[in-house]
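Following: one structure in structure tokens, then a few remarks.
Protein chains in written order, with my numbering: chain Z, 1 to 447; chain P, 1001 to 1128.
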């Protein structure tokens, strides 16, 4: 009696399993008559059937995959796999088409097992991937600005394409099988350079250098040459111990990017640096500071994380210029920026607002945290200009002593809502610090 | 909108029973009905499940109550023909021919879908 109950419970559990199973499973005869079918399979098939009957699999799918019946008929072996993930598009409405993958297994001459899966999402992902690949290919091959090609494991060019041809003028036959020297200017020091670069790419994974190169027509151009190694990813497969150092035997070849940068006296990076940083100190410049502050204020509004600012001004800076000269004053400002950065996080923005006045934007910092950072900066600068302290730089041409700074802190809050208000509040606190005797940190009065 | 020819149109017949009568019936009364009854709340969670339906599906009432019907035992009805109509339509009383998978056998049935405004449950009635 107990056994019967156990079996009944197991049977019910098995039924429950098949009711929930998120893959369509069914058993049909050789002619497609459905003998068993789980609900997920029925969920997919019933809406496809023209009449609400589900007797024959091939009848239901005839309008979408008429080939299915033929595939079964032509499979003459007594058992085996008739098809695996055969794709059946069951709605014809463009990119969003629903697709079912059908696997049929012949168990014996009169029994087939079928598995059905809705792969609509996967097909859509594949489509997007192909589109991305096509866009990437168009980007790389169609561009005139650089060439992308590959080397075999011994460093000889083994692929060449339109991008290489446009860049250098050389055809396939003239470069395949040669090393990178074929593209370089003969009397440049690049012969060693090519070997060194391959070595570095093997050792480090990639290598970048710049040299003069020659086009087929004899004109020369200043080129950036990037070589990156392609490695077999399964390092353990060849029996190595799995250590992270690169074994040259794992290198399958190299990818090379060649870029003509002759015309770029000022590279994009250089231009960006010039536009966004203060020429003297390398700190962020005023214009960039306001851009970044707007971005951080938008972030603050989106995620409600705190945002604080600190104004910093050098005490009695005019006397430094008067006593030591302007060059010393400039050097002092540079040193101060370096010292401040030690106390700041990577996301903090240190900007020179003009003269000897700096602003610091502290994302995700409360007023208390801003005060703590300001106090660290104050103490660090005071120590750096105190003779005998560990951070005092007595190797400078003119060791400057006794320099201090005053700082004012403010936090964005309902009564301080924008960049201007935030800086004004910090500035007010800064003047409190000045009036209070300098070399100190003050906080903007609430609201 | 069809009803079986041999069916007596009475208060408890498949084609005639009202949603109010189903709401009023206790569990024993539901068990006496000669067709399957599944009652769900607005989220599709099974609240009522009668004996005929339990026998047809091969599942005990205890294992079904509290489960989401269209995600567990009623997966084969989770499409635009059935589940979607409960979502889309405020009031339903419709009978349709359908194929269910009781114990994994394709089984032709008649379904009656019942839903009323502000009712505590909506029902799927199933007649083999």
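Don't be surprised by glycine CBs; every beta carbon is placed ideally from N, CA and C.
Just so we're clear, the structure is a prediction, and the values are computed from it rather than from any experiment.
| Check | Outcome |
| --- | --- |
| From which residue to which residue does the beta strand (DSSP E) around residue 62 (chain Z) run? | Per DSSP, residue 62 (chain Z) belongs to no beta strand (DSSP E) and is neither H nor E. |
| Go through the region 394-437 of chain Z residue by residue and report every complete run of the beta strand (DSSP E) that reaches 3 residues or more, in order. | 405-411 |
| With 8 Å set as the bound, which would you pick, yes or no: does the beta-carbon of residue 1015 (chain P) sit closer than that to a beta-carbon of chain Z? | no |
| What are the partner residues of residue 324 (chain Z), as DSSP defines its beta bridges? | Per DSSP, none; premise fails for residue 324 (chain Z). |
| Helix, strand or coil: how does DSSP classify residue 33 (chain Z) here? | strand |
| Of all the beta strand (DSSP E) runs that stay within the bounds of the region 155-235 of chain Z, which reach a length of 3 or more residues? | 157-159, 206-214, 220-231 |
| Taking the C-alpha atoms as reference points, what is the distance between residue 450 (chain Z) and residue 168 (chain Z)? | Within the shown structure, residues of chain Z are numbered from 1 to 447, placing residue 450 (chain Z) beyond reach of any answer. |
| Three or more C-beta pairs under 8 Å: does that hold for the region 1079-1098 of chain P against the region 1056-1064 of chain P? | no |
| Which residue's Cα is closest to the Cα of residue 44 (chain Z): Z:402, Z:57, Z:396? | Z:57 |
| Per the DSSP calculation, residue 86 (chain Z) is bridged to which residue(s)? | Z:102 |
| Determine the contact status of residue 358 (chain Z) and residue 351 (chain Z), defining contact as a CB-CB distance below 8 Å. | yes |
| In chain Z, which residues lie less than 8 Å from residue 1054 (chain P) when you measure between Cβ atoms? | Here the premise fails: no neighbours, minimum Cβ distance about 10 Å. |
| Measure the C-alpha to C-alpha separation of residue 151 (chain Z) and residue 126 (chain Z) and round it to an integer number of angstroms. | 29 Å |
| Where does residue 260 (chain Z) fall in DSSP's three states? | strand |
| Residue 230 (chain Z) and residue 255 (chain Z) look like a contact to me (Cβ under 8 Å); what is the Cβ gap, rounded to whole Å? | 6 Å |
| Would you list the one or two residues that DSSP bridges to residue 1110 (chain P)? | P:1097, P:1127 |
| From Z:406, Z:29, Z:98, Z:147, pick the residue whose C-alpha is nearest to that of residue 259 (chain Z); which is it? | Z:147 |
| From P:1023, P:1013, P:1014, pick the residue whose C-alpha is nearest to that of residue 1119 (chain P); which is it? | P:1023 |
| Does residue 113 (chain Z) get closer than 8 Å to chain P when you measure Cβ to Cβ? | no |
| With a threshold of 8 Å between beta-carbons, can residue 43 (chain Z) be considered close to chain P, or not? | yes |
| Determine the chain Z residues that contact residue 1103 (chain P) at a beta-carbon separation under 7 Å, and present them in chain order. | 15 |
| If you drop the 5 nearest sequence neighbours on each side, which residues of the same chain put their C-beta closer than 6 Å to that of residue 238 (chain Z)? | The pLDDT assigned to residue 238 (chain Z) is 42, lower than 50, so where the model puts this residue is not dependable; a value taken from the coordinates is nonetheless given after this. Closer than 6 Å at the Cβ level, and outside the excluded window around residue 238 (chain Z), lies no residue. |
| At a CB distance below 8 Å, what residues from the region 1079-1109 of chain P approach chain C? Give them in sequence order. | Among the chains of the structure shown, chain C does not appear; the protein chains present are Z and P. |
| So with Cβ pairs under 8 Å, would you call residue 1075 (chain P) a contact of chain Z? | yes |
| Tell me whether residue 318 (chain Z) is buried or exposed, calling it buried when 16 or more other Cβ atoms sit within 10 Å of its Cβ. | exposed |
| Please list the terminal residues of the continuous alpha helix (DSSP H) segment that includes residue 389 (chain Z). | Element bounds for residue 389 (chain Z): n/a, residue is neither H nor E. |
| Grouping DSSP H, G and I as helix and E and B as strand, with all else coil, what is residue 79 (chain Z)? | coil |
| Count the CB pairs spanning the region 433-447 of chain Z and the region 1086-1094 of chain P that are closer than 8 Å, and state whether there are at least three. | no |
| DSSP on residue 1080 (chain P), reduced to helix/strand/coil? | coil |
| At the 8 Å Cβ level, is residue 239 (chain Z) part of the contact set with chain P, yes or no? | With a pLDDT of 42 at residue 239 (chain Z), under the threshold of 50, the modelled position of that residue is not reliable, and the figure given next carries that caveat. Closer than 8 Å: no. |
| Tell me, please, whether the CB atom of residue 121 (chain Z) is closer than 8 Å to any CB atom in chain P? | no |
| Please report the distance separating the alpha-carbon of residue 240 (chain Z) from that of residue 80 (chain Z). | The predicted position of residue 240 (chain Z) is uncertain, since its pLDDT is 43 and thus under 50; a value taken from the coordinates is nonetheless stated next. Computed Cα separation, rounded: 39 Å. |
| What are the boundary residues of the beta strand (DSSP E) that includes residue 442 (chain Z)? | 441-443 |
| Can you check whether the CB of residue 314 (chain Z) is closer than 8 Å to the CB of residue 362 (chain Z)? | no |
| Could you work out which residues of chain P lie near residue 99 (chain Z), taking near to mean beta carbons separated by less than 7 Å? | The contacting residues do not exist; residue 99 (chain Z) stays about 16 Å from chain P at best. |
| Would you kindly work out how many angstroms separate the C-alpha atoms of residue 121 (chain Z) and residue 297 (chain Z), rounded to a whole number? | 38 Å |
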